[in-house]
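Novice: Residue numbers (the numbering used here), protein chains in the order written: chain H, 29 to 724; chain F, 29 to 724.
Yeah, the Cβ is synthetic: ideal placement off N, Cα and C, and Gly gets one too.
Quantities reported herein were computed from a predicted structural model and do not represent experimental measurements.
Spelled out as structure tokens, the structure:
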């Protein structure tokens, strides 16, 4: 996908390069589905989880609509995740007068818990194999026919499964279509904020320390899921380990890794290296410079811009690291050799050649066809409707109400993917949620975006002329942002419910601009999906099945944002010959603090400095195989108890989308002991401490 | 060189890929030294310049210390160049109250001409071959010995040649050391501004139209060289063509193309593709976003930031285009094949193999050795003393006075290159020139730079700690910029003259910071120059000489910022099947104007709209082979008269550092008729019009 980057939360690890290396060297590699754990590898640790253990861990795991992972940690719906996963909620609840990002948030009583607009939490209930149904629906079809038939079959399966808004069903492609599974989730759409520490401790060390270790972050937040206005009963939840974890101990991470490219073909990797990554990075770098300066103008500017800046800086580091891995000649030649080995096996067999020969070439040809369309598609449509330059939520609101009216009138199977019946409840929730809007910031962002759009397509492109006319980007941005009424959720609700008629009557300038470019955008998207994406999807399936036939199925699929279990140990590593210890403590955080951001601790810490137990563990690393989307995942011990909270990877994790390096790749977690200690001693959060440590 | 980018002005064209292609296909390719024109190719045009013609064109050509080209256009020292080449001077003469960039400048009388601080103009007097001397000095030497012996020989040759400050001598390496020539220049160090139009017409269309065509820019400025306070007598100068130029007519461009990489090895090109270009672009993109937002804050911020923003946007487009060329698989495989063909010829002969075998591998190995040092070298030393993050002139001033005291005490041969006797007069002039300094802007830039430095090396790096201590980048930037007295040229003069003692007595915070990191920076530079650069230089010479022996010498050397002549014709091209006409007119400019920047014409134009002859030619394209550094070059007809002024290339010129595409690559020029017309009808500049059109 051209813009899969956009949906990829935070950061990433590991590849096909190591896919078939001796298991002894890669004992800790793998993001396994819970129904197919690698028993031989696990035996090394002298531990084999029972079905009950697995069911308990599955039911205690959760996924946030923000793209992160989480876990249930009490019987009353308490959910643990990272601060950076809840940042958007904390930001939305903040105002100029009360900045919960800077000052933290704690609901001392149940009634102080605050609704997180637009956020929901999902819990995986069951998995069904639907490969046969999908195969039957697409047999013998190609390009547009293949695309439409597949889309219709998926939409039907998802709708039949979900039924009520409180369930959500996704058809998930594993091994790039080697298998199709139907995942059914329980969806909690009322989520409240319970606790968040100050940004200064949640992201201590900031961008400089991000993806580095030693690390000293209390990157944690507590949410609570509600049902009908009262806390949900969550019988299955993780107990807080009283003992904690020690160096060398076995650790499991149960979470939702977003995306890996370990099964990509060389043509796809080259495309990323030469175009996709470079283009994304250049856009991100420029936007980052813009946001940096915006945030430097004053306290209020910093407040409104920090979340986006934080996201961009994080993504920048990720893609930079991935690009470096792809530009490493030695590494890349290994990937090439492995593809060649598989292709030789396929070509050596008449049967395999007849079934799978030509798939690699078809993918390469589709990417070649895509090149001249790329800039236009990304500018008009981006990733499923959100172009990269449309940096204001006003654009997304306008496009969603506009398309919603058209799409909801169509049969489910013919709609744009994001308007399918199974996806509508979450879409609607996101659309109608309250969200503060700083118009000065929106104007600045949209001015930046429109200038970049003009550069990307040229001032004489029809779409650019339709958007800008004879005005400057700043004039257009000002007119659209100042004139739009879509910031009011009631306006969005009335347009969403009023459909075509209400839309025709509206004179909202953002709506009018979006309408003016919609036909072109839809045409480009349809051409891309039917002519390019369908070919890549279909031939990726063929490559995946060839790999099955040649190497067997004792391996894990690429990450797909579905629940996976990885296992490993608490373990430091050697950095240029120097041993990095796996734990940091509260004392280490004080030693690193300079008093200046991003190395300033909040006053809640500095005021208590003399009273704190400096040897309390704060962060630790383990060699679990994780990737972006795993943020917020619980780390559990062999008893299934919570011992940590994943929030990052070290610097060696950055090339990990394509290759897992067991000697240096590390997951970075908040130590559960440190978190509990901070809740008790620094934040006086006795209400939640009691709840977390309640022995059932 | 790691940072050759930094010195490369503006933009670039053409490569070794086409170096040995049939001459009929590349008739217009080549940046020829004036002593070695390709007679067979010129015969196609039925024209062979006489020695007198060549001497006249040479003596009428000029080079600016800003890196641009220019020409003498009257007998009283009048010099024609681009507005963007004089932008720095115009900016320095401007104040908040009188903004000559925005409003233009015209000296209606001789006494109103204003001195351009720090600018000088050079005229090439003679060329001498010194290859034998250099060869004798370095024979049998390697690495550090080679580097030191070569440096000493060059310094001696340059000093013996220059003698008086009004001469400047450079040893120039042609064909990467295939030949060494000694260039002797007459140096005019008193330069005054005579005329500049408003930025709105000089850069009409701004960044969106930059490198595009049709184009509508009056990118021209007039300077005057003085001697002892009176206009210099410049007998040799170009006459202004009364007739102008027509489509299909022969055009010569005489100028100083900066740098091409048409003779680079594949290892060097890969290094650029995978590291050099990507790193530069990412830094530039982020800085660009920062400057964009800074400039958007208000009129004064825009005034002080525009020149830097303009430079960054221009460089960004250049490197983006080059990177795309390097990532074009078809294009790159041609470069690989050509290198392989030469290497096969070398390997097939025992004699050639003994002399040149292994050179390619040595270059590749040197680049490999450089990789782990790269980030530190660039951060500490950058390109000959200016690291990329040190974005304030205060840094350069501090480092120059500090190093000047140490270097001037050494024998000429042992100094850092930029402090050699032959280079000192210009260095001193740049150091002591008046230059306005907006401290708010400097603090913002240095904050940006210090933040980026911390990111590049990590917060725990010794140099970062020495620069930042426990302060934030903003605190350090504020302290250095607010506290430094180096913005006063008198302070710089006293430190420059006072030497070590005056420096020891100074408590200037910028000086102290620069001193704190100087030993490390010098050590890194020395290691790079002796261990890496020397190997690349020496082996590039060997590759160049192998190429001579195999293919002969009937080809042109890579651009080296020395005077070159290219020839071609006024000619449009086919853009996606549509013919692009070679001329634009004043009427076209009005048709494209929207009234909003960058498509707003200045009021001097709009007020006269009704009276202007719309069919007057404004810009034109020709297929001359040019590159960055050629900006400001005169375009002359076969009579040696001025018909145009090069200011840009079209979009197809952007991959041109490595390959010249004759069908679409075009030089973009201001038409001399349009310029004269504007001077007369719009600017009422009758004094200079009379001087320009005076028939001797």
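1. Give a yes or no on whether 8 Å exceeds the smallest Cβ distance from residue 89/H to chain F.
2. Mind pulling the alpha helix (DSSP H) runs of 4 or more residues that sit fully within the stretch 154-207 of chain F?
3. Figure out for me which residue from 445/H, 516/H and 506/H has the closest Cα to the Cα of residue 462/H.
4. Does DSSP put residue 616/F in a helix, a strand or coil?
5. Using a Cβ-Cβ cutoff of 7 Å, what residues of the stretch 293-309 of chain F are near chain H? List them in chain order.
6. Do you know whose CA, among 680/F, 634/F, 261/F and 503/F, lies nearest residue 690/F's CA?
7. Determine which residues share a DSSP beta bridge with residue 126/H and list them.
8. Compare the C-beta of residue 143/H with all C-beta atoms of chain F and state if any pair is closer than 8 Å.
9. Listed in chain order, which residues of the stretch 561-579 of chain H have Cβ atoms closer than 7 Å to some Cβ of chain F?
10. Reducing DSSP to helix, strand and coil, say where residue 54/F ends up.
11. Classify residue 244/H as buried or exposed, calling it buried when 16 or more other Cβ atoms lie within 10 Å of its own Cβ.
12. Quick one: is residue 269/F near chain H, going by C-beta distance under 8 Å?
13. For the stretch 300-353 of chain F, list the beta strand (DSSP E) runs that are entirely contained and at least 3 residues long, ordered along the chain.
14. For residue 9/H, list the residues DSSP reports as bridge partners.
15. Look at residue 422/F and residue 512/F and say whether their C-beta atoms are less than 8 Å apart.
16. Could you check what DSSP says for residue 142/H in three-state terms: helix, strand or coil?
17. Got a sec: is the Cβ-Cβ distance from residue 283/F to anything in chain H below 8 Å?
18. Please confirm whether residue 400/H has its beta-carbon closer than 8 Å to some beta-carbon of chain F.
19. In this structure, what does DSSP give as the bridge partners for residue 151/F?
20. Residue 112/H to residue 82/H, Cα distance in whole Å?
21. Using a Cβ-Cβ cutoff of less than 6 Å, which residues in the same chain neighbour residue 43/H once the five nearest sequence positions on both sides are dropped?
22. With 16 other CB atoms within 10 Å as the buried threshold, where does residue 722/H fall?
23. How far does the beta strand (DSSP E) with residue 699/F in it extend, from its first residue to its last?
24. Give the secondary structure of residue 292/F by DSSP, where H, G and I count as helix, E and B as strand, and everything else as coil.
25. Just the chain H side, please: which residues come within less than 8 Å of residue 483/F by C-beta, in chain order?
26. In chain order, what residues of the same chain have a beta carbon less than 6 Å from the beta carbon of residue 364/H, not counting five sequence neighbours either side?
27. Mind listing the chain F neighbours of residue 625/H? Cutoff is C-beta to C-beta under 7 Å, in chain order.
28. Determine the chain H residues that contact residue 622/F at a beta-carbon separation under 7 Å, and present them in chain order.
29. Using DSSP with H/G/I as helix, E/B as strand and the rest coil, what is residue 49/H?
30. Report the rounded CA-to-CA distance for residue 591/F versus residue 413/H, giving the unit in angstroms.
31. Excluding five sequence neighbours on each side, which residues of the same chain lie with their C-beta closer than 6 Å to the C-beta of residue 218/H?
32. Cβ atoms of residue 545/F and residue 394/F: under 8 Å apart, would you say?
33. Who are the Cβ neighbours of residue 712/H in its own chain at under 7 Å, not counting the five residues just before and after it?
34. Among 666/H, 438/H and 557/H, which has the Cα closest to the Cα of residue 398/H?
35. Does any residue of chain F have a CB that is nearer than 8 Å to the CB of residue 718/H?
36. Beta-carbon of residue 313/F versus every beta-carbon of chain H: anything under 8 Å?
Specialist: Result, derived from the coordinates:
1. no
2. 159-166 and 171-190
3. 516/H
4. helix
5. 302, 306 and 309
6. 680/F
7. Answer by DSSP bridge pairing: none, since residue 126/H is not bridged.
8. no
9. none
10. Caution applies to residue 54/F, whose pLDDT of 39 falls short of 50 and renders its modelled position unreliable; the value that the coordinates give is listed next. Three-state result, residue 54/F: coil.
11. buried
12. no
13. none
14. Outside the shown range of chain H, which is 29 to 724, sits residue 9/H, and nothing can be said about it.
15. yes
16. strand
17. no
18. no
19. 214/F
20. 27 Å
21. Here residue 43/H scores only 25 on pLDDT, less than 50, and its place in the model should not be relied on; the value that follows carries that caveat. Excluding sequence neighbours, residue 43/H sits near 290, 686 and 687.
22. exposed
23. 695-699
24. coil
25. 235 and 236
26. 294
27. 500
28. 498
29. Summary for residue 49/H: the model assigns pLDDT 30, below 50, so the residue's position carries little reliability; its value from the coordinates is reported in the next sentence. Coil at residue 49/H, not helix or strand.
30. 53 Å
31. 254
32. no
33. none
34. 557/H
35. no
36. yes
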